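Take a look at the structure set out below.
Protein chains: 2
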Amino acid sequence: MGVKERKARQKKFLRQEILDAASELFVRDGYENVSMRRIADKIEYSPTTIYLYFKDKSELLEQVCKETFGRLVQRLSKIMEQPGDPVERLKRGLLAYVQFGLENPHHYRATFMMVLPEGFGGKKMHQDDSPGMQAFAFLTRGLGDCLKAGKMPAMNVELAAQTLWAGVHGITSLLITHHDFPWVGREKVIHSTVDTLVAGLEA
Amino acid sequence: MGVKERKARQKKFLRQEILDAASELFVRDGYENVSMRRIADKIEYSPTTIYLYFKDKSELLEQVCKETFGRLVQRLSKIMEQPGDPVERLKRGLLAYVQFGLENPHHYRATFMMVLPEGFGGKKMHQDDSPGMQAFAFLTRGLGDCLKAGKMPAMNVELAAQTLWAGVHGITSLLITHHDFPWVGREKVIHSTVDTLVAGLEA
DNA sequence: AGAGTAAACTTAACACCGTTAAGTTAGTGA
DNA sequence: TCACTAACTTAACGGTGTTAAGTTTACTCT
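Chains as they are written, first to last, in this note's numbering: chain A, 82 to 284; chain B, 82 to 284.
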């Protein structure tokens, strides 16, 4: 009676194939420049087949982003495990966040730079177990470590974490959207942002 | 021979009428939810007429944003004229920037949160006389005032200005896109971001 | 005044888009 | 073998930005 399972595996396979095709196209051309018909062409199925596996185009994007941000969580997790000065570790985490965003600009844009439909964000995006939220949790944890080690003054950790997020998101998104801006230097601005934010919290 | 001038005035009038209609719709529904046909309906002309006055939809948006950011520049200009502690003045300017972005989320999104086509940004967006750049110039000026008054240590002003921009842009854009996120408090996070950034530069 | 012309505007169409209803095919279970 | 179901496709709907061609309008010049 392994038939059903084989079927289920096959079904999952095509699902993944769609996801991979969509991911590649989204990354290369950006969400709104990729049509369902193009994705379908790539996997050599009819466009409507995609709708048997995904509710609509935005769910496709949502799944692609989930995968990508799973990788970010893994990366941050590795950094946070390392021993040493918690402030330095926090900084490394912030830098890794920016770097990840710049490596995956289309995914980053889709996840953090699009206006979420009312109610959509609250229920799906901001659940504690979503990759985005897991990534954010590393911030509060990193800050908590700094406090425990006496490296930072007493503060509202949640507020400080949101402040840090705003800062690193700012430089990440600006570098993505305004690549032609006369930056003093991409690396310089990234480091300056991280250093300024952390110094501001230490003060 | 005032005929030609009257004609020119009439032509300008319709141009402005298109701009106003587009602006209202963009602000209410967002750029990508407004079609050329809807704009045309509003002014009771055929859709193609718009193309006699604007190259395409994106130029329409560009002009609308230019108008809006002219208002931001005016507001910042007023703040920078005021006497008093330059650091406080700088903070007030940063807060005004964020507030302006939140008051005009669709315009803000269009100007600072969309990926600029290669070469487009460099030539149009980042010219010294563009409203966006004028707004940015207030940052460097505000920082310069702080330095002159001895309120801040020696630093690369351009780098510091870009850092500040990244920070305030970060909180502005996140509040626009992730309005459902469990923020500690919108006002709190805004002030925390501004205070942290400035404190970080002072250190 | 009437012919010619240029500007202003519209109609119709093209090539796309996301999505759905209806239809076809293939393979399972009785 | 026959009914049923799951997988997939065809055809279509109502929309998009944009353009080529055609029409109306109004003014200039003889």
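Ideal placement from N, C-alpha and C gives every residue a C-beta, glycine not left out. Fair warning: this is a prediction, and the values are worked out from it, not measured in the lab.
CA-to-CA distance, residue j to residue i, given in whole angstroms
i: residue 93 of chain A; j: residue 137 of chain A; result: 17 angstroms
i: residue 300 of chain A; j: residue 238 of chain A; result: Look at the range of chain A in this structure, 82 to 284, and you will see that residue 300 of chain A is not part of it.
i: residue 122 of chain B; j: residue 105 of chain B; result: 13 angstroms
i: residue 219 of chain B; j: residue 125 of chain B; result: 41 angstroms
i: residue 242 of chain B; j: residue 117 of chain A; result: 42 angstroms
i: residue 147 of chain A; j: residue 134 of chain A; result: 16 angstroms
i: residue 231 of chain B; j: residue 225 of chain B; result: 10 angstroms
i: residue 119 of chain A; j: residue 149 of chain B; result: 37 angstroms
i: residue 181 of chain B; j: residue 223 of chain A; result: 32 angstroms
i: residue 95 of chain B; j: residue 132 of chain B; result: 12 angstroms
i: residue 145 of chain B; j: residue 156 of chain A; result: 42 angstroms
i: residue 100 of chain A; j: residue 140 of chain A; result: 10 angstroms
i: residue 113 of chain A; j: residue 284 of chain A; result: 43 angstroms
i: residue 196 of chain A; j: residue 259 of chain B; result: 7 angstroms
i: residue 240 of chain B; j: residue 127 of chain B; result: 48 angstroms
i: residue 221 of chain B; j: residue 97 of chain A; result: 49 angstroms
i: residue 282 of chain B; j: residue 282 of chain A; result: 11 angstroms
i: residue 217 of chain B; j: residue 217 of chain A; result: 29 angstroms
i: residue 229 of chain A; j: residue 229 of chain B; result: 39 angstroms
Neighbour-count burial assignment, residue i, 16 or more Cβ in a 10 Å radius
i: residue 274 of chain B; result: buried
i: residue 212 of chain A; result: buried
i: residue 255 of chain A; result: buried
i: residue 165 of chain B; result: exposed
i: residue 103 of chain B; result: buried
i: residue 235 of chain A; result: exposed
i: residue 109 of chain B; result: exposed
i: residue 63 of chain B; result: Here chain B comprises residues numbered 82 to 284, so residue 63 of chain B is not present and cannot be evaluated.
i: residue 162 of chain A; result: exposed
Cutoff 7 angstroms; reference residue i; Cβ partners in own chain excluding five residues on either side
i: residue 227 of chain B; result: 167, 168, 171 and 233
i: residue 194 of chain A; result: 254
i: residue 175 of chain B; result: 245, 249 and 275
i: residue 151 of chain A; result: 212
i: residue 252 of chain A; result: 179, 270, 271 and 274
i: residue 189 of chain B; result: 182, 253 and 257
i: residue 192 of chain A; result: 146, 150 and 213
i: residue 280 of chain B; result: none
Same chain, Cβ closer than 6 angstroms to residue i, neighbours up to 5 away in sequence not counted
i: residue 178 of chain B; result: 249
i: residue 82 of chain A; result: Only weak support is given to the placement of residue 82 of chain A: the predicted model assigns it a pLDDT of 40, under 50, and the question is left unresolved by the model.
i: residue 278 of chain B; result: 245 and 248
i: residue 215 of chain A; result: 154
i: residue 187 of chain A; result: 107, 108 and 111
i: residue 185 of chain A; result: 149
Cβ shell of residue i (< 8 angstroms), same chain only, five flanking positions each side left out
i: residue 276 of chain B; result: 172
i: residue 285 of chain A; result: The structure shown does not extend to residue 285 of chain A, since chain A spans only 82 to 284, so no value can be given for it.
i: residue 201 of chain A; result: Low per-residue confidence applies at residue 201 of chain A: pLDDT is 49, beneath 50, and the placement is therefore not dependable, though the value from the model is reported in the following sentence. Counting only Cβ-Cβ distances below 8 angstroms, and skipping sequence neighbours, we find nothing.
Please specify which runs of the beta strand (DSSP E), each continuous and at least 3 residues long, are wholly inside the region 211-257 of chain B, giving them in chain order. none
Okay, do the region 255-273 of chain A and the region 258-277 of chain B touch, 3+ Cβ pairs below 8 angstroms being the bar? no
4 or more residues per run - each alpha helix (DSSP H) lying fully within the region 99-132 of chain B: 117-124 and 128-131
Report the start-end ranges of each alpha helix (DSSP H) in the region 137-194 of chain B that is 4 residues or longer and not cut off at the edges. For the region 137-194 of chain B, whole alpha helix (DSSP H) runs of length 4 or above, ordered along the chain, are 138-162, 167-184 and 186-193.
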